[in-house]
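Chemist:
In this note's numbering, the protein residues as written are 42 to 186.
(1) Mind checking residue 88: buried by the 16 CB within 10 Å criterion, or exposed?
(2) What would DSSP say about residue 55, mapped onto helix, strand or coil?
(3) In the structure shown, what three-state DSSP assignment does residue 97 receive?
(4) Look at the alpha carbon of residue 164 and the alpha carbon of residue 137, and state the distance between them as a whole number of angstroms.
(5) What are the boundary residues of the alpha helix (DSSP H) that residue 75 is part of?
(6) Quick one, which of 147, 116, 128, 99 has its alpha-carbon nearest residue 74's?
(7) By DSSP, does residue 142 sit in helix, in strand, or in coil?
What follows is the structure, encoded as structure tokens:
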């Protein structure tokens, strides 16, 4: 007779005890939501992981542009690659290994990093974009003297 809370029976048909405590050792990890294949199982490996390949290709193009001396444009392309990753993670149900954490966390992380990289690239001198509140925000951290 089991007096504690029980759940579905185990393989032998006996009721299992249920505890709300986390296990001392993790034996398995759950796949992130949307972490399944982005294409059918019989598709070739690159086709199954097309979202991460697309984001990586855009970032590589940005690095190549930067290597040719066009820093601002290349860095903006890298930031846009991260924004593309955020958009794919938000809209595509299965994105393969582009899914690292929960969907919300991935979208926020990719999106925030993409926006920061694009803004920093646009602010690079000379002729950088001037954000009005940035001097006030950095007033206490930057010594002008």
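For glycine and all other residues, C-beta sits at the position ideal for the given N, C-alpha and C.
Predicted model only: the values in this text are computed from it and were never measured.
Modeler: The short version:
(1) exposed
(2) coil
(3) Residue state for residue 97 is assigned as helix, using DSSP reduced to three classes.
(4) Roughly 34 angstroms between the two C-alpha positions.
(5) Element bounds for residue 75: n/a, residue is neither H nor E.
(6) 147
(7) coil
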